[in-house]
Amino acid sequence: MKTKFSFERVDWTNTIFMLVICLIALIGAPLYVVFYGVDVFQIVLFLFYVLATGMSITLGYHRLFAHLSFKAKWPVKLFTLIFGACAFENSALKWVSDHRTHHKHTDSDDDPYDISKGFFWAHIGWILFRQEPIPPFDNVNDLKKDKLVMWQYRYDKRIALLVGLALPAMLGFLWNGPVGALGAFLIAGVLRIFVVQQCTFFINSLCHTIGRRPYCSESSARDSFVMSLFTFGEGYHNYHHEFQHDYRNGVKPWNFDPTKWAIWTLAKFGLAEDLRRVPRSKIVLAEMNAARNSAEKELLRIQELPESDWKEKAIRALNNLLERIQNIYEEFIAEIDSRKADLSRRCMHSWNRKTRQLLDELADIRFQFRIA
Ligand SMILES: [Zn+2]
Ligand SMILES: [Zn+2]
38 MKTKFSFERV DWTNTIFMLV ICLIALIGAP LYVVFYGVDV FQIVLFLFYV
88 LATGMSITLG YHRLFAHLSF KAKWPVKLFT LIFGACAFEN SALKWVSDHR
138 THHKHTDSDD DPYDISKGFF WAHIGWILFR QEPIPPFDNV NDLKKDKLVM
188 WQYRYDKRIA LLVGLALPAM LGFLWNGPVG ALGAFLIAGV LRIFVVQQCT
238 FFINSLCHTI GRRPYCSESS ARDSFVMSLF TFGEGYHNYH HEFQHDYRNG
288 VKPWNFDPTK WAIWTLAKFG LAEDLRRVPR SKIVLAEMNA ARNSAEKELL
338 RIQELPESDW KEKAIRALNN LLERIQNIYE EFIAEIDSRK ADLSRRCMHS
388 WNRKTRQLLD ELADIRFQFR IA
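In terms of this note's numbering, the sequence shown opens at residue 38 and continues consecutively.
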């Protein structure tokens, strides 16, 4: 469904803010570099702020506050609330409310960043236009009891201006006088806000458009390794939508997910606990179900095409594939039933391999049929 952009619904505060940030980041910051160059201090400060504010969104706002995927001690909460505010993505309370609504109503009209309203809407449109009707804000009652969250809710803008823009400028001044202050304000302040915001927004737009769907073929959410590189591991969005309470988004050991590594490290230092993990058997079952749904969808698509030799051949191959998926599914259920504990990592890999082989065959059938 496409959204009708109405002029009366424009949120002018957000729109002007976004426009100013965009212009300064894309014109002001490069002009500074051309005129004054950039030194190690400016680069380190920029990287620190990208890491601190970006991780505060992924580890704090997202996995800790929105999904309660682990418990954190107060220093972790305080740090992520302060630097989360500096990302200029609203207070944690508002961010979490929107995000929980997104998970509850994914791909429907009630989803604030519904991708079926178009890429632009999911990316930034929903911020530039007022939400109507105004969301009831009744899905964050647990967080309303948290004193630190409520403190940040009250002072969110002041924290953002002070720590997100004034502090880097002050540090820049101490480093290199007024020129250093201007550079730090432009690079570690405004350019960094632009970069972190756009990376977050791409999770709502790109990660619902491009990528694989290995855990749930029904949802628009996708897994994207490339996006995980720019979002501290949030690119594994298909897994995340299927198992939102898992502290890992990239669940496989080789998945690039710095946020899960950071949470694990915090746990080792006693700063985080009760890390929630989905049992391995449940994950493999989801993958098998997704493989079966993909094969069934392909079969339906081919059945509707005009008659041809290739059509008959493809239908036979797909039926055969579906039968084998069903067989390994039943074997797998029998294996889970015969065990008391969850599957070992080795066992999970072996079932993963079998599922992947069947998916490769599905891709081959699709390919052969398309070039025929
Ligand atoms: Zn999503
Ligand atoms: Zn989420």
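Each residue gets a CB set at the ideal place from its N, CA and C atoms; glycine is no exception.
So, helix, strand or coil for residue i, using DSSP?
i	result
Glu344	coil
Ala299	helix
Lys39	In this prediction, Lys39 has a pLDDT of 48, which is less than 50 and means its spatial position is unreliable; what the coordinates show is noted afterwards. Correct three-state label for Lys39: coil.
Glu169	coil
Val71	helix
Arg338	helix
Asp260	strand
Val47	strand
Tyr366	helix
Arg403	helix
Glu310	strand
Lys305	helix
Lys350	helix
Arg229	helix
Tyr86	helix
Ala124	coil
Val284	Contrary to the premise, residue 284 reads as Tyr rather than Val in this sequence. If DSSP states are grouped into helix, strand and coil, Tyr284 belongs with coil.
Arg249	strand
Lys141	helix
Lys110	coil
Leu198	helix
Tyr98	helix
Tyr273	strand
Asp294	coil
Leu359	helix
Ser318	helix
Asn176	coil
Applying the criterion that 16 or more other CB atoms from any shown protein chain within 10 Å of the CB defines a buried residue, is residue i buried or exposed?
i	result
Lys39	Here the model assigns Lys39 a pLDDT of 48, short of 50, so the residue's position is not dependable and the matter cannot be decided.
Leu175	The displayed chain sequence assigns Asp, not Leu, to residue 175. Exposed.
Thr50	exposed
Ser345	exposed
Gln79	buried
Val77	exposed
Lys27	Residue coverage of the chain in this structure runs from 38 to 409, which leaves residue 27 outside it and unanswerable.
Arg338	exposed
Asp179	exposed
Gly91	buried
Gln363	exposed
Gln405	exposed
Glu279	buried
Pro343	exposed
Val81	exposed
Whose C-alpha, out of the options, is nearest the C-alpha of residue i?
i	options	result
Gln235	Phe116, Val113, Glu126, Tyr73	Glu126
Phe261	Ser254, Glu255, Arg250	The sequence shown places Ser at residue 261, not Phe. Comparing Cα-Cα distances from Ser261 to each of Ser254, Glu255, Arg250, the minimum goes to Arg250.
Lys334	Leu355, Val321, Ser345	Leu355
Lys350	Ala371, Ile402, Val321	Ile402
Leu114	Ile94, Lys131, Ile171	Checking the sequence shown, residue 114 turns out to be Lys, not Leu. Of the listed residues, the one whose Cα sits closest to Lys114 is Ile94.
Pro172	Trp188, Thr138, Asp183	Thr138
Ser318	Asn389, Gly307, Ile300	Asn389
Gly310	Leu56, Ser106, Leu185	For the sequence presented, residue 310 should be read as Glu rather than Gly. With distances taken between Cα atoms, Glu310 lies closest to Ser106.
Ser254	Tyr190, Gln394, Arg329, Gly217	Arg329
Lys194	Gln405, Leu118, Lys108, Met385	Leu118
Ser134	Tyr252, His104, Phe280	His104
Pro205	Met92, Cys123, Ile240	Cys123
Arg229	Gly65, Trp301, Asp179, Ala109	Gly65
Phe267	Gly220, Ser256, Phe293, Tyr150	Phe293
Gln394	Glu324, Met55, Ala203, Ile61	Glu324
Ala203	Gly220, Gly307, Tyr190	Gly220
Asn357	Asp374, Glu398, Thr52	Glu398
Ile365	His99, Lys181, Ser387, Arg382	Ser387
Pro170	Ala197, Asp147, Asp151	Asp147
Ala304	Ala109, His140, Arg383	Ala109
Leu130	Phe102, His142, Phe120	Phe102
Ile58	Asp151, Val232, His160	Val232
Thr52	Ile300, Phe83, Gly162, Arg100	Gly162
Under a CB-based cut-off of 8 angstroms, is residue i close to chain B?
i	result
Pro343	No chain B appears in the structure shown, which is made up of a single protein chain.
Q. Would you call the segment 267-275 and the segment 236-244 touching, i.e. three or more CB-CB distances under 8 angstroms?
A. At 8 angstroms Cβ cutoff, the stretches touch.
Q.
When you compare the segment 284-294 with the segment 202-214, are there three or more beta-carbon pairs, one atom per stretch, that lie closer than 8 angstroms?
A. The segment 284-294 makes no contact with the segment 202-214: fewer than 3 CB pairs, one atom from each, lie closer than 8 angstroms.
Q. Taking any heavy atom of ligand 2 as the mark, which residues have a C-beta closer than 6 angstroms to it, listed down the chain?
A. Qualifying residues, in the order they occur: His99, Ala103, His104, His136, His140, His277, Gln281.
Q.
Is it the case that the segment 66-78 contacts the segment 224-231, given that we only count it when at least three CB pairs across the two stretches are under 8 angstroms?
A. The segment 224-231, when compared against the segment 66-78, does touch it at the 8 angstroms Cβ threshold.
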